[in-house]
Structure formats: structure tokens, C-alpha cells
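Notes follow the structure.
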Amino acid sequence: GESVGLHLPTLSVQEGDNSIINCAYSNSASDYFIWYKQESGKGPQFIIDIRSNMDKRQGQRVTVLLNKTVKHLSLQIAATQPGDSAVYFCAENTISSGDMRFGAGTRLTVKP
Amino acid sequence: SQTIHQWPATLVQPVGSPLSLECTVEGTSNPNLYWYRQAAGRGLQLLFYSVGIGQISSEVPQNLSASRPQDRQFILSSKKLLLSDSGFYLCAWSVWGQGEKLFFGSGTQLSVL
Chain B
1 GESVGLHLPT LSVQEGDNSI INCAYSNSAS DYFIWYKQES GKGPQFIIDI
51 RSNMDKRQGQ RVTVLLNKTV KHLSLQIAAT QPGDSAVYFC AENTISSGDM
101 RFGAGTRLTV KP
Chain C
1001 SQTIHQWPAT LVQPVGSPLS LECTVEGTSN PNLYWYRQAA GRGLQLLFYS
1051 VGIGQISSEV PQNLSASRPQ DRQFILSSKK LLLSDSGFYL CAWSVWGQGE
1101 KLFFGSGTQL SVL
């Protein structure tokens, strides 16, 4: 769901470690989920998506996990690099609807 | 390929002045268009979305309005800006039947002083 009134939670990891960013969604009817990456002063960029008929999807160094039972979504980044430092947003909607709702975002900081 | 243009990149306006931010999309037809606002260090708030020319849905009561005079043009306006209108404004587009994946513009940083 949308939590625009909250300050961003943060996650700090060491370069080379794996990162896990979590997101809880509220609408049990949501059937499509996306992770976005937003670097400072830029618009969000698409990372990876998953439909509700899947529970896992892998991309290049990223994996998204979906647990519909507890309405939880996670993004795993393998071998985190300094260039991964950004704010990460999860988003949900139903494929038939006209708008997408974003989570509050998590700020990932990668320490060299 | 599809591209989205949003301008200006930064804008400083006095309280009470009007506002017009423009967004255009190229390389696609009949896109869904969106305006989001992002306060510093916070999440994305959906302001308006449009599924066609002249069709605008507003998500929250506010000092802003939106218009879609052409298929691939989306404009965010205000007659009199308030201090609370400051923020990072993002335009985005999507296409029906493709999972509503949003593609964002580069944003406009608006400071109302």
C-alpha cells in the first residue's frame, strides 16, 4: 500500500554481501508486483516484476520472492555493489486496474 | 522505442504564483499517464492519472490540477502555489495489458518559497 507519510527505513550493507529488502502489501486482490530503484534526483527505474501466479523470479543479481499468504514481497540483491545504493520501492496493483500503489521505500547504503 | 520527457528539471517559484509542468511520451499510443509527488526522503504519492484524452482521475484533494489535451501530453498545473506544494514531481506512463509496468520521467524538483 501507500505510506507516503513515513520516513524511509534504511538498510546498510557491506560491499559484496547480499541484501534483502522487504515489503508488506495490503491488498489481497493485487496480482502484479514490481520493484523499482530510485537514485538521488532521478525517477524510479524498473528492476524486476512478478505476477501473483509465481512465488519467485530471478533476474541479473536480483531475485524477487512473493508470499501471498502473508502478503509479503522481498528483493534480494546478490553481491551488493556501491552502485546499488539507492532507494528501493515495491509497488502493487491489479493488472486490470488503472493505478499502481507504492510502498514507503527502503534506502540501501552500500559501504565499501 | 518509447521515451518520456518531463520539464523543467528544477523550478523555484514564489508562493501564490502559477505552475505548469509538462510531460510528453513518444513511441506509444494511448498510454496511461500519471503524476506522482515525492517529498524529500519519502515515498511516492499518486496525484492524478489519466486513461485517455480529457479523462483525469484525482487521488487526493489538493491545490493542483491536471489536464490531458493530447494523447501523449500530460500537464500538471496550479493557479496559486502553496509552500506545501514543494516536492519532487514525477510523470509516468504505462500501457494496458502489460502488467501496468510504469516508466518514469526524470522528475521536476519544485521549490516554493
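Going down the list, the protein sequences come from chains B and C.
Taking our numbering, the leading residue of the first sequence gets 1, the next gets one more, and so forth.
Taking our numbering, the leading residue of the second sequence gets 1001, the next gets one more, and so forth.
Beta carbons are placed, not taken as given, at the ideal position from N, Cα and C, and that holds for glycine.
Check	Outcome
Can you tell me whether DSSP reads Asp49 of chain B as helix, strand or coil?	strand
Return the CA-CA distance between Ser1050 of chain C and Met100 of chain B, expressed in angstroms with no decimal places.	12 Å
Name the residue from C:Gly1105, C:Gly1016 and C:Lys1080 whose alpha carbon lies nearest to the alpha carbon of Gln1073 of chain C.	C:Gly1105
Taking only the alpha-carbon atoms, compute the straight-line gap between Gly105 of chain B and Ala1009 of chain C and give it to the nearest angstrom.	22 Å
State buried or exposed for Gly5 of chain B, treating a residue as buried only when at least 16 other CB atoms are found within 10 Å of its CB.	Confidence is the limiting factor: at Gly5 of chain B the pLDDT is only 40, short of 50, which leaves the residue's position unreliable, though a coordinate-based value still follows. Gly5 of chain B is exposed by the Cβ-count criterion.
Taking C-beta to C-beta, are Ile47 of chain B and Leu73 of chain B nearer than 9 Å?	no
With DSSP collapsed to three states, give me the class of Pro1069 of chain C.	strand
State the CB to CB distance for the pair Val1112 of chain C and Leu1083 of chain C, rounded to an integer number of angstroms; the pair is presumed to be in contact (CB under 8 Å).	5 Å
Could you say if the stretch 66-81 of chain B and the stretch 1005-1023 of chain C meet the contact criterion of at least three C-beta pairs nearer than 8 Å?	no
Let me confirm a value: Asn1032 of chain C is counted as buried when at least 16 other C-beta atoms fall within 10 Å, else exposed. Which label applies?	buried
So if DSSP puts Asn1032 of chain C in a beta bridge, which residue, or which two residues, is it bridged to?	C:Ser1094
Run through chain C and tell me which residues come within less than 7 Å of Pro44 of chain B, C-beta to C-beta.	Phe1104
Out of C:Gly1052, C:Ser1029, C:Thr1028 and C:Ser1065, which has the shortest C-alpha to C-alpha gap to Leu1046 of chain C?	C:Ser1065
Taking the alpha carbon of Met69 of chain B as the reference point, which residue from B:Tyr25, B:Gly16 and B:Lys111 has its own alpha carbon closest?	One detail in the question is off: residue 69 of chain B reads as Thr in this sequence, not Met. Of the candidates B:Tyr25, B:Gly16 and B:Lys111, the one whose C-alpha sits nearest the C-alpha of Thr69 of chain B is B:Tyr25.
Would Leu1110 of chain C and Asp1085 of chain C be called neighbours here (beta carbons separated by less than 9 Å)?	yes
Extract the residue ranges of the beta strand (DSSP E) inside the stretch 1032-1058 of chain C, only unbroken runs of 3 or more that lie entirely within it.	1032-1038, 1044-1052 and 1055-1058
Report back the beta-carbon spacing between Leu1044 of chain C and Phe89 of chain B to the nearest angstrom; my notes put them in contact at under 8 Å.	7 Å
Helix or strand or just coil, what does DSSP make of Ile1004 of chain C?	strand
Just checking: is the beta-carbon of Gly1054 of chain C within a distance shorter than 9 Å of some beta-carbon in chain B?	no
In chain order, what residues of the stretch 46-72 of chain B put their CB closer than 8 Å to some CB of chain C?	Phe46, Asp49 and Arg51
Could you say which of B:Leu8, B:Ser19 and B:Gly41 lies nearest to Gly1107 of chain C if we only look at CA atoms?	B:Gly41
Less than 8 Å between the CB atoms is what I'm expecting for Leu8 of chain B and Gly1087 of chain C, so what's the real figure, rounded?	At roughly 15 Å, the Cβ-Cβ gap does not stay under 8 Å, so Leu8 of chain B and Gly1087 of chain C are not in contact.
List the residues that DSSP assigns as beta-bridge partners of Leu75 of chain B.	B:Ile21 and B:Val64
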